[in-house]
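Numbering (my numbering), first residue to last: 38 to 274.
The structure appears right after this line, and notes come after that.
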């Protein structure tokens with residue numbers, strides 16, 4: 038649906054097994070991922086045992102509209118604490134509808150600078166949101182083709198949008214698309230988790246993190262998720 042003029046119900050992701058909660062669904066074999074990670078990395082084996090199933094909470098629908106909304110939210114929430122970002126989001130949504138829904142690309146492009154400012158959206162972010170809308174409409178961001186694109190192709194498309202870098206693309210692939218083999222080496226949380234999990238003297242550099250995570254392939258998204266869990270279990274100073 039070009040421009041997402043009218044919101045529609047999304048197409049639910051297909052479950053890989055009966056009775057699996059939607060929030061925990063992934064589109065690859067977790068059994069194979071666990072077997073591979075346990076066999077290649079004893080540290081990860083211990084984390085899997087301690088923290089249980091991988092639950093990245095991907096979107097409950099796989100639609101171009103949902104993908105657009107995810108990136109829109111990424112821009113809106115940049116460099117803001119959650120409560121502040123949600124307050125701005127509510128005011129911004131209210132410009133377009135009494136319903137609690139995000140604006141379509143065409144609605145964004147019709148929004149004036151004054152309207153953005155009144156809702157609390159900065160001038161810089163307004164520019165980013167407009168660029169996202171434009172690149173959605175001109176198919177630079179071909180959301181309908183994301184299912185068949187390689188990870189590198191998706192990164193290239195997303196980083197063409199102002200305000201969205203490699204980190205944003207990696208987070209989108211891990212937590213929105215549910216891709217299995219994404220290692221966001223630019224994410225400080227993942228690297229801090231590596232420091233804790235592997236008892237390193239300092240936080241690894243992105244290059245060092247890439248080497249640490251290399252044995253996890255083709256399930257580096259799963260390994261990265263357990264690095265967040267390692268932070269959860271560190272002893273307080």
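No residue lacks a Cβ here, since even glycine has one placed at the ideal position from N, Cα and C.
Does the beta-carbon of residue i have 16 or more other beta-carbons within 10 angstroms, so that it is buried, or is it exposed?
| i | result |
| --- | --- |
| residue 187 | exposed |
| residue 242 | exposed |
| residue 206 | buried |
| residue 126 | buried |
| residue 260 | buried |
| residue 149 | exposed |
| residue 106 | buried |
| residue 128 | exposed |
| residue 137 | exposed |
| residue 118 | exposed |
| residue 99 | buried |
| residue 232 | buried |
Using only CA atoms, which one of the options lies nearest to residue i?
| i | options | result |
| --- | --- | --- |
| residue 114 | 230, 161 and 231 | 161 |
| residue 253 | 245, 231, 73 and 87 | 73 |
| residue 167 | 269, 266 and 108 | 108 |
| residue 175 | 146, 163, 154 and 152 | 146 |
| residue 248 | 239, 230 and 222 | 222 |
| residue 235 | 65, 179 and 82 | 82 |
| residue 244 | 220, 191 and 152 | 220 |
| residue 227 | 130, 250, 195 and 66 | 250 |
| residue 200 | 86, 116 and 99 | 116 |
| residue 101 | 142, 263 and 133 | 142 |
| residue 130 | 111, 120, 156 and 119 | 156 |
| residue 189 | 210, 177 and 198 | 210 |
| residue 85 | 70, 98, 94 and 99 | 70 |
| residue 64 | 258, 269 and 267 | 258 |
Is DSSP giving residue i helix, strand or coil here?
| i | result |
| --- | --- |
| residue 338 | Residue 338 is absent from the model: the chain starts at 38 and stops at 274. |
| residue 43 | Here the model assigns residue 43 a pLDDT of 44, short of 50, so the residue's position is not dependable and the matter cannot be decided. |
| residue 258 | helix |
| residue 158 | coil |
| residue 64 | coil |
| residue 168 | helix |
| residue 138 | coil |
| residue 232 | helix |
| residue 147 | coil |
At 4 residues or longer, and completely inside the segment 172-228: list those alpha helix (DSSP H) runs for me, N to C.
-> Taken in chain order, the unbroken stretches of alpha helix (DSSP H) that lie wholly in the segment 172-228 and span 4 residues or more are 188-195 and 203-212.
Where are the beta strand (DSSP E) runs, 3 residues long or more, that stay fully inside the segment 72-134, in chain order?
-> Complete beta strand (DSSP E) runs here, min 3: none at all.
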